[in-house]
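Colleague: Numbering (this note's numbering), first residue to last: 2 to 98.
Backbone N, C-alpha and C fix where the C-beta goes; we use that ideal spot for every residue, glycine too.
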Amino acid sequence: MAWKKKFRCNSCGYEAEKYEGRGLFRQEILTVCCPDCHRIEHLVKGGIIGDVAPSFRSEVGRLCLHCGSDRIRLWDGHTCPKCEGEMEETGEKEFWS
Numbered sequence: 002m003a004w005k006k007k008f009r010c011n012s013c014g015y016e017a018e019k020y021e022g023r024g025l026f027r028q029e030i031l032t033v034c035c036p037d038c039h040r041i042e043h044l045v046k047g048g049i050i051g052d053v054a055p056s057f058r059s060e061v062g063r064l065c066l067h068c069g070s071d072r073i074r075l076w077d078g079h080t081c082p083k084c085e086g087e088m089e090e091t092g093e094k095e096f097w098s
């Protein structure tokens, strides 16, 4: 069982979602931040796809899905990628599998 939480920046209003838990196929959804395009993106890691495709077993060597940058980092859950303001959880939560 997994869920996604919504976040909003107090300064600029940028919104993003963060997935927690594992999906139906045991995959984990990593929330990463790209310093080049200033966006939060999601990467699938592990699970059944990781068993078949070794490149999906970790975040090492992965690229930003929007701009192709190799400088993505795991998002800290607080810093806005647009303005570096403070992002807070909105309280909205949605379950997924």
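1. Per DSSP, what are the beta-bridge partners of His43 in this structure?
2. Out of Pro36, Leu66 and Arg23, point me to the one whose CA is closest to Leu44's CA.
3. By alpha-carbon positions, which one of Lys94, Asp37 and Thr32 ends up nearest to His79?
4. Are Glu18 and Lys7 close, meaning C-beta to C-beta below 8 Å?
5. Am I right that Cys10 and Cys84 are in contact with their C-beta atoms under 8 Å? What's the rounded C-beta distance?
Modeller: The short version:
1. The residue given as residue 43 occupies position 42 in the sequence shown. For His43, which the question treats as bridged, DSSP gives the partners Thr32.
2. As a first step, residue 44 is located in the sequence shown; it is residue number 43 there, counting from the start. Of Pro36, Leu66 and Arg23, the residue nearest in Cα terms is Leu66.
3. Residue numbering aside, residue 79 sits at position 78 when the sequence shown is read from its first letter. The shortest C-alpha separation from His79 is found at Thr32.
4. Taking the first residue of the sequence shown as 1, we reach residue 18 at position 17. Taking the first residue of the sequence shown as 1, we reach residue 7 at position 6. Yes, the Cβ-Cβ distance between Glu18 and Lys7 is below 8 Å.
5. If you number the sequence shown from 1, residue 10 lands on position 9. If you number the sequence shown from 1, residue 84 lands on position 83. Indeed they touch by this definition, with Cβ atoms about 7 Å apart.
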